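Reviewing the structure listed below.
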Amino acid sequence: MENFTSLAQNVEDLSRQMVDLKQIKNQVATRAERSMDGWLEHVEGREREFDEIRKEFGILR
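Each residue of the sequence shown is one higher than the one before, counting from 1 in full-length UniProt numbering.
Written out as structure tokens, the structure reads:
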């Protein structure tokens, strides 16, 4: 059970970090800086990866 608790804590920590990242992404997107397009695509990829992690974690519960 300890491993599941650690996993749950890690997912919670990752969730908080993703909220921060999404806020930064929205700020960058609002400025519409072309030089940041690659970074925005990278962040969107990370968001998709995180969504998959959350889905898998939900299945484990």
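Think of the CB as a built atom: it goes at the ideal place given N, C-alpha and C, for glycine as much as any other residue. Note that the structure is a prediction, hence the values are computed from the model and not measured.
The C-beta separation of Leu14 from Phe50 comes to about 7 Å, placing the pair in contact by the 8 Å criterion. Here DSSP, grouped into helix, strand and coil, assigns Ala29 to helix.
The way I'd put it, the region 51-59 doesn't touch the region 26-37; fewer than three beta-carbon pairs between them come closer than 8 Å. Scanning its chain for C-beta atoms nearer than 8 Å, with the 5 sequence neighbours on each side dropped, one finds around Leu40 the residues Lys25, Val28, Ala29, in chain order.
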